[in-house]
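Colleague:
Residue numbers (the working numbering): 40 to 332.
Here you go:
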């Protein structure tokens, strides 16, 4: 009995010495210390491989989160800087303008300020998109009427005449109603902005049509159009292009957000334009049940 206990003790001591360097290295790694993990047994080698795999995955995820955070900080930094402009303009108007159209000018600057704030809030909400997302059957035509009516004063001020052209009274699509309205409103805002660069009254057509199992919405403006060499970069953040340099309130955020939201909604967005004639932004959704019937 005593001999058996002796050999067991010897075996445990040998086993302890065999695993001690590895266990000690693991403890040091756990405390954040830099140490080389040397494996001497098959079990240790297998553990080492699993550990290295876990470290690689953690490092990759950490790097991705860091990049996302950098992008978010950059976006918010630009956005906050942009908010200063309409505030300064309102102050100048209040100090210098005594004309009858002062109120209208202030309202326009406030609208720009409100748009910028909404863009900033949208950027922040994008991080929690999946927690604020509910797919439903939505009537696109009803959504368009709601968005158009919300801008009544703006249409008059900019000499723009919006019109919905649809072969059906309703056009049902599969989407999230709130995010989808944010998406469309970003495009409307852009169309108004660049239509304002052109003199005289202009139309803004909302053409709704069914194509196979999808519903298409083409937002067609009669604005200044986009140069061909700018088309490929329209969805890049802060890219304003040639037209954007003519507008002090151009941020290069609207189309970037539109593309981000469209991707999240599984909608497709494309842009066609003829410089000097106008721009067409087309959105495509999966048609809802009974759409077109």
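Here a beta-carbon is modelled for each residue, glycine too, at the ideal position from N, C-alpha and C.
1. Is the beta carbon of residue 298 less than 8 Å from the beta carbon of residue 274?
2. Is the CB-CB distance between residue 245 and residue 258 below 8 Å?
3. If distances are taken between C-alpha atoms only, which option among 250, 249, 256, 252 comes closest to residue 243?
4. Please classify residue 328 as buried or exposed, where buried requires at least 16 other C-beta atoms within 10 Å of its C-beta.
5. Between the region 195-215 and the region 227-234, do at least 3 Cβ pairs fall closer than 8 Å?
6. How about residue 326 and residue 212: do their beta carbons lie closer than 8 Å?
7. Bridge partners of residue 334, per DSSP?
8. Confirm, please, whether the CB-CB distance from residue 144 to residue 163 is below 8 Å.
9. Does the beta-carbon distance from residue 155 to residue 121 come in below 8 Å?
10. Please report the residue range of the beta strand (DSSP E) in which residue 279 lies.
11. Just to confirm my understanding: we take residue 250, look at its own chain, exclude 5 residues before and 5 after, and list those with CB closer than 8 Å. What are they?
12. In chain order, what residues of the same chain have a beta carbon less than 7 Å from the beta carbon of residue 206, not counting five sequence neighbours either side?
13. Quick check for students: name the residue ranges of the alpha helix (DSSP H) that lie wholly in the region 135-208, counting only runs of 4 or more.
14. For residue 180 and residue 208, which I take to be in contact (beta-carbon distance under 8 Å), what is that distance rounded to the nearest angstrom?
15. Quick check on the DSSP output: the alpha helix (DSSP H) that includes residue 298 runs from which residue to which?
16. So for residue 318, helix, strand or coil by DSSP?
17. Rounded to whole angstroms, what's the CA-CA distance from residue 276 to residue 239? Just pull it up for me.
18. Do you know how far the Cα of residue 222 is from the Cα of residue 302?
19. Which same chain residues, not among the five before or five after residue 169, have their C-beta less than 7 Å away from its C-beta?
20. Under three-state DSSP, which class holds residue 289?
Modeller: Straight from the coordinates:
1. Going by C-beta atoms, residue 298 is nearer than 8 Å to residue 274.
2. Contact: yes.
3. Answer by Cα proximity: 256.
4. Exposed.
5. Output reads yes: the region 227-234 touches the region 195-215.
6. Less than 8 Å separates the beta-carbon of residue 326 from that of residue 212.
7. Look at the range of the chain in this structure, 40 to 332, and you will see that residue 334 is not part of it.
8. Their beta carbons are not under 8 Å apart, which means residue 163 does not touch residue 144 by this criterion.
9. The answer is yes: Cβ separation under 8 Å.
10. Counting along the chain, residue 279 falls outside any beta strand (DSSP E), and DSSP gives it neither H nor E.
11. So the list reads 323, once near-sequence residues are dropped.
12. Here the set comprises 248.
13. Runs of the alpha helix (DSSP H) inside the region 135-208: 141-164, 179-188, 191-196.
14. That pair is a contact at about 7 Å.
15. Boundaries of the alpha helix (DSSP H) around residue 298: 293-303.
16. Reduced to three states, the DSSP call for residue 318 is strand.
17. Going by C-alpha positions, residue 276 is about 31 Å away from residue 239.
18. If I take the Cα positions, the gap works out to 11 Å.
19. Excluding five sequence positions before and after residue 169, none of the CB atoms of its chain fall closer than 7 Å to its own CB.
20. In the three-state scheme derived from DSSP, where H, G and I count as helix and E and B as strand, residue 289 is classed as coil.
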